[in-house]
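In our numbering, the protein residues as written are 238 to 414.
Glycine included, each C-beta is placed from N, C-alpha and C at the ideal position.
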Ligand code: IMP
Ligand code: MG
């Protein structure tokens with residue numbers, strides 16, 4: 238059995254995104270940049286955020302694959318790049334759902350440096366500082382959250398809950414998920 242405890246309503250999210258958009262304008266002004274949205278979790282966040290920005294935005298996507306090896310570090314690879322992916326000499330804003338251990342973003346930042354990005358910044362909907370394993374900081378963060386499992390507004394559990402319009406804690410009662 239599990240239940241959902243709403244943490245941020247659609248209205249909370251809308252308000253925070255307006256603030257984030259203004260933080261992003263403060264940094265980029267009205268200069269163009271390349272947004273790289275990390276599929277699938279960041280799609281709703283990115284779509285709503287980008288519509289609040291007046292910058293010319295070149296939009297790309299990546300989707301990652303994580304292989305878990307027992308007793309080894311997890312291995313991450315990029316399984317999908319959007320067509321004509323090109324970030325050489327571009328100012329890149331990575332749009333991600335959640336910064337948790339930081340391993341995913343560290344991997345992406347390295348990969349994009351190798352692709353010749355001029356600058357790389359990170360915008361995350363959520364940040365869980367408690368579980369950080371690598372020294373990665375996001376430039377823009379929607380909400381700082383405690384160490385609970387969160388679903389909705391793009392985030393899933395076993396493929397469910399992505400399309401909820403709010404962010405909720407998935408509370409497991411009794412049995413293991
Ligand atoms: P990390 O920073 O490399 O640990 O990876 C973060 C990734 O873990 C995110 O992109 C999510 O896919 C997943 N993740 C971490 N915490 C949660 C959560 O609370 N809900 C849903 N997915 C999560
Ligand atoms: Mg993610």
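Residue i, DSSP secondary structure in three states
i	result
residue 253	helix
residue 397	strand
residue 288	coil
residue 417	Residue 417 cannot be examined here, being either before or after the span of the chain that is shown, 238 to 414.
residue 265	helix
residue 414	Annotation note: pLDDT 48 at residue 414 (below 50); position unreliable, no value reported.
residue 340	helix
residue 347	helix
residue 260	helix
residue 302	strand
residue 405	strand
Short Cβ contact (8 Å threshold) for residue i with residue j
i	j	result
residue 365	residue 334	no
residue 357	residue 373	no
residue 405	residue 378	no
residue 271	residue 328	yes
residue 392	residue 241	no
residue 301	residue 315	yes
residue 318	residue 340	no
residue 290	residue 261	yes
residue 371	residue 343	yes
residue 380	residue 363	yes
Contact test: residue i Cβ vs the ligand IMP heavy atom, cutoff 7 Å
i	result
residue 334	yes
residue 286	no
residue 271	no
residue 337	yes
residue 345	no
Near the ligand MG: residue i beta-carbon under 7 Å from a heavy atom
i	result
residue 388	no
residue 396	no
residue 278	yes
residue 303	no
residue 274	no
Inter-residue CB distance, residue i and residue j (contact presumed, cutoff 8 Å)
i	j	result
residue 283	residue 332	4 Å
residue 384	residue 368	6 Å
residue 361	residue 375	4 Å
residue 286	residue 254	5 Å
residue 324	residue 354	5 Å
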